[in-house]
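Trainee:
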Amino acid sequence: MLILVACVVVPTLAAQGRASPAPPLGAWTPVPELPGMGRPVDTASVAARRRALLARIGRGVVLVPAAHERELERDYLQDNDFRQSNTFFYLTELETQDAWLLLIAGGGAPETVLFLPPRNPFQERWTGLRLGPDSTAARLTGIARVLPTDSLDPVLSALLARVRGPLYVPLDQATRDEPRLRDLVFVGRDVRNLRPVVDSLRLVKDADELARMRKAIDISGLGHVAAMQAARPGAWEYEIEAALEAEFRRNGADRLGYPSIVGSGPNSTTLHYDVNRRQTRDGDLIVVDAGAEWGQYTADVTRTFPVNGKFTPRQKAIYDLVLATQQAAFDSTRPGATIAQLNRIARDYMRAHSGTLCGAQTCDAYFIHGLSHWLGMDVHDVGDYSTPLKPGMVFTIEPGIYLAPEGLGVRIEDDVLVTVTGAEWLSAKAPKTTAEIERLMGRR
Ligand code: GLY
Ligand code: MN
Ligand code: MN
């Protein structure tokens with residue numbers, strides 16, 4: 203964020219004659235590695251994703267913009283001032299801003315062109331090294347044809363005159379203000395939204411995506427352990443949040459997948475409570491719903507535990523019902539099942555096993571949200587919810603019971619990978635049974 207401030211302020215001062223120009227930079231040559239560009243690209247995986255996309259559309263042109271740097275003065279920046287657009291990342295794994303990806307399908311061999319802004323040595327004093335349109339970029343991205351962004355318009359015009367088929371562009375919030383895309387939509391060509399096509403591909407994760415997700419989820423498990431260890435009656439919710447998020451960062455998380463929910467006592471019954479300002483009390487349960495993001499992919503994990511380290515019999519009874527409900531849904535997870543079926547199985551289970559725990563009603567009346575959502579680069583990841591499960595899909599199973607008059611909320615949320623034969627818990631490293639939680643908290 204300091205970078206952006208300096209960027210804005212220095213030219214103004216220079217113009218007023220109050221600052222001396224930046225020192226000369228000396229010779230500038232492309233360097234073999236560019237630390238500012240992000241993590242290494244799995245060039246084989248992104249090439250396979252681009253091939254799958256082109257095979258899906260058959261014939262046409264695809265144009266995808268990268269995201270831009272956000273503005274400190276206009277946006278509410280709480281982490282970095284740049285996060286890549288998920289569509290662009292999916293097809294390139296590049297964290298480079300202001301770039302464009304062009305794909306051409308049909309009428310010959312598929313083509314891929316990456317457009318990058320020219321490097322600017324003066325700007326790089328603020329931003330650090332950037333990827334530019336040169337052979338280094340071609341090598342690091344696995345895309346042989348890399349051109350400067352100012353050649354996008356002529357290349358695209360020539361192409362649209364030559365190649366038949368629709369023009370696919372992502373039409374979404376991230377690209378709504380992209381003037382180039384707005385203009386294209388109005389040229390009268392058959393312009394279609396790329397998002398549903400890419401979103402459906404994103405439903406099944408490849409090996410590289412799963413490795414990223416496992417890392418984000420493992421880091422999140424460590425954070426949940428740290429939160430349990432930090433809890434004690436009288437601790438403020440934000441102290442527990444601080445321990446959790448410190449552990450995320452200590453283990454290399456890039457940022458939070460979503461704002462951490464740390465809700466104690468009455469706040470445990472507010473589903474998306476993320477104010478985290480209450481002081482906990484002896485006897486409270488606390489719901490911690492938090493996930494780290496790593497390599498553009500996020501976890502989504504919830505643990506509920508007693509701040510004093512010991513469940514009361516009533517808390518344990520409610521907790522065990524939620525846990526068994528989650529297990530019932532997991533046990534039915536396999537290729538071919540649907541999220542709707544699992545939802546039904548979970549609710550039926552909870553209803554059948556409620557006894558008198560929730561008073562006159564069965565406990566499913568207090569399970570007031572859906573059981574599951576897809577997980578990936580977005581915490582509520584993209585994709586059609588009616589799609590039957592296939593190996594490689596990742597989703598959450600997160601039943602809960604929220605008894606507001608008692609200030610007693612329990613949610614248990616884990617991330618699950620669909621396998622050939624069933625399913626795998628991805629977030630098993632975060633302690634979950636009451637015995638595991640009490641054992642861990644007893645060691646504080
Ligand atoms: N953390 C948000 C959710 O579980 O959907
Ligand atoms: Mn969730
Ligand atoms: Mn969650």
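Under this note's numbering, think of the first position of the sequence shown as 203, with each following residue one higher. By construction, the Cβ of each residue, glycine as well, lies at the ideal position given by its N, Cα and C atoms.
1. Any idea what DSSP makes of Y370, helix, strand or coil?
2. Is it buried or exposed for P515, if we count other Cβ within 10 angstroms and need 16 for buried?
3. Specify the secondary structure class of G144 as computed by DSSP and reduced to three states.
4. Using 10 angstroms around the beta-carbon of P226, count the other beta-carbons present and answer buried if the total reaches 16, otherwise exposed.
5. Taking a contact to mean a Cβ-Cβ separation below 8 angstroms, would you say R546 touches T564 in this structure?
6. Span of the beta strand (DSSP E) holding F317?
7. Straight-line CA distance for L144 to E275?
8. I'd like the list of long-range same chain contacts for P319, defined as Cβ closer than 6 angstroms, with 5 residues on each side in sequence excluded.
9. Closest by CA to L190, which one among E326, T298, L293, E297?
10. In terms of residues, what are the limits of the beta strand (DSSP E) holding I463?
11. For ligand 1, enumerate in chain order all residues having a CB closer than 7 angstroms to any of its heavy atoms.
12. Could you pull the start and end residues of the beta strand (DSSP E) that F513 belongs to?
13. Thinking C-alpha only, which one of A625, G644, S247 is nearest L403?
14. Identify every residue that forms a DSSP beta bridge with M595.
15. If you pair each beta-carbon of the segment 396-414 with each one of the segment 428-438, do three or more pairs fall below 8 angstroms?
16. Just reading off the alpha helix (DSSP H) that V248 is part of, what are its end residues?
17. Which of helix, strand or coil does DSSP assign to D533?
18. Suppose you measure from the CA of E449 to the CA of W496; what does that come to, to the nearest Å?
19. In whole angstroms, give me the CA-to-CA distance for G493 and W576.
20. Taking buried to mean at least 16 other C-beta atoms within 10 Å of its own C-beta, is S353 buried or exposed?
Mentor: Taking the definition as stated:
1. strand
2. exposed
3. There is no way to answer for residue 144, as the model of the chain reaches only from 203 to 646.
4. With a pLDDT of only 42 at P226, under 50, the local geometry of the prediction cannot be trusted, and no value is derived from it.
5. With a cutoff of 8 angstroms on beta-carbon distance, R546 and T564 are scored as not near each other.
6. Where F317 is concerned, the enclosing beta strand (DSSP E) stretches over 313-318.
7. Residue 144 cannot be examined here, being either before or after the span of the chain that is shown, 203 to 646.
8. D300, T351
9. An answer regarding residue 190 cannot be provided, because it is not within the stretch 203 to 646 covered by the chain.
10. 463-466
11. Y460, I463, H474, D491, G493, D502, T504, H575, V581, H582, T598, E600, E615
12. No beta strand (DSSP E) contains F513, which DSSP labels as neither H nor E.
13. S247
14. V406
15. Because the criterion of three Cβ pairs below 8 angstroms is not met, the segment 396-414 and the segment 428-438 do not touch.
16. 245-259
17. Per DSSP, reduced to three states, the secondary structure at D533 is helical.
18. Their backbone Cα atoms lie some 13 angstroms apart in a straight line.
19. 14 angstroms
20. exposed
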